[in-house]
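Participant: Shown below is the structure under consideration.
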Amino acid sequence: LMLTQPHSVSESPGKTVTISCTGSGASIATNYVQWYQQRPGSAPITVIHEDDQRPSGVPDRFSGSVDRSSNSASLTISGLQTEDEADYYCQTYDSSVWVFGGGTKLTVL
Amino acid sequence: QVLLQESGPGLVKPSESLSLTCSVSGASISGERYYWAWIRQPPGKGLEWIGSVSYTGNPYVDPSLGRRVSISVDTSGNRFSLNMASVTAADTARYYCARSHYDSTRFDIWGRGVLVTVSS
């Protein structure tokens with residue numbers, strides 16, 4: 025399984041952005057999908073786990089979903105804030121291998 | 137509070153071996169519901185899973201790294217280790233250790249990472 029993400033996305037404060045994570049080679053829906061946020065100089069933190077669950081402390085502006093028909097997952101961030109500017113990675117598991125997407129750089133203009 | 141702390145040399149010569157240890161505090165590494173993982177990030181690039189090990193010592197390694205990588209668990213010391221043989225400049229990266237949930241496979245606890253440079 026390979027996970028493909030757009031290299032970068034940008035949007036204005038207050039708007040909504042969706043980052044896609046498309047699977048190839050296997051079904052992305054077989055195991056849970058997670059999303060991580062990584063700010064420069066810091067370790068990643070989980071913003072979505074188990075497809076659509078938010079850890080405590082993550083604002084409800086963050087939501088996740090998985091679409092079996094398109095073999096993809098999505099991270100949606102609404103009401104964008106400048107602090108959301110970061111790199112975002114999707115992650116899942118397939119046949120004894122943990123898989124990361126290539127990452128998406130989100131710029132909040 | 138569960139904390140993970142990586143330790144090891146920051147500079148390794150080409151063709152030599154890279155060895156890192158992750159010390160776990162606030163939780164037992166023998167817990168049945170977790171895997172313990174190594175993940176790296178080359179400068180300016182994305183996250184790369186290297187491998188994971190269960191509390192029983194069962195290792196899972198990225199097939200692309202093959203026999204170069206071994207991961208082991210020291211339950212008495214509550215730590216786990218990474219050994220990577222025959223390193224090249226392409227192995228220069230920040231290396232993170234992390235805890236992965238057994239059921240969801242998510243990485244919920246990360247160390248701060250250690251930068252390892254491969255250079256003569």
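Protein chains in written order, with my numbering: chain X, 25 to 133; chain Y, 137 to 256.
Where a beta carbon is used, it is the ideal one built from N, C-alpha and C, also for glycine.
Since the model is a prediction, treat every value here as computed from it, not as a measurement.
Closer than 7 Å between beta carbons: that is the criterion. Which residues of the stretch 34-55 of chain X meet it against chain Y?
Facilitator: The residues in question are N55.
Participant: Against chain Y, which members of the stretch 55-66 of chain X pass a CB distance test of less than 7 Å?
Facilitator: Correct list: N55, Y56, Q58.
Participant: Name the residue from S212/Y, E142/Y, L183/Y whose alpha carbon lies nearest to the alpha carbon of L218/Y.
Facilitator: If we check each option's Cα against that of L218/Y, E142/Y comes out closest.
Participant: Thinking R176/Y and Y231/Y are a contact (beta carbons under 8 Å), I'd like their distance in whole angstroms, please.
Facilitator: The Cβ separation is near 5 Å, so the contact holds.
Participant: Anything in chain Y within Cβ reach of G127/X, meaning under 9 Å, just list it in chain order.
Facilitator: Within 9 Å Cβ-Cβ: K181, G182, L183.
Participant: Since Q177/Y is in the beta strand (DSSP E), which residue starts that stretch and which ends it?
Facilitator: Note, Q177/Y: beta strand (DSSP E), 170-177.
Participant: Can you pull the chain X residues whose beta carbon is under 7 Å from the beta carbon of Y232/Y, in chain order?
Facilitator: Per Cβ cutoff of 7 Å: A67.
Participant: Is S151/Y buried or exposed, if buried means 16 or more other CB atoms sit within 10 Å of its CB?
Facilitator: Looking at its Cβ environment, which holds fewer than 16 other Cβ atoms inside 10 Å, S151/Y is exposed.
Participant: For chain X, find out if any of its Cβ atoms is closer than 7 Å to the Cβ of R235/Y; answer yes or no.
Facilitator: So no, R235/Y is outside the interface.
Participant: Below 8 Å, can you find three or more Cβ-Cβ pairs linking the stretch 27-44 of chain X to the stretch 98-105 of chain X?
Facilitator: The stretch 27-44 of chain X, when compared against the stretch 98-105 of chain X, does touch it at the 8 Å Cβ threshold.
Participant: Is the CB-CB distance between S96/X and T46/X below 7 Å?
Facilitator: Yes. Within cutoff.
Participant: Do V132/X and D111/X have their CB atoms nearer than 7 Å?
Facilitator: No, the Cβ-Cβ distance between V132/X and D111/X is not below 7 Å.
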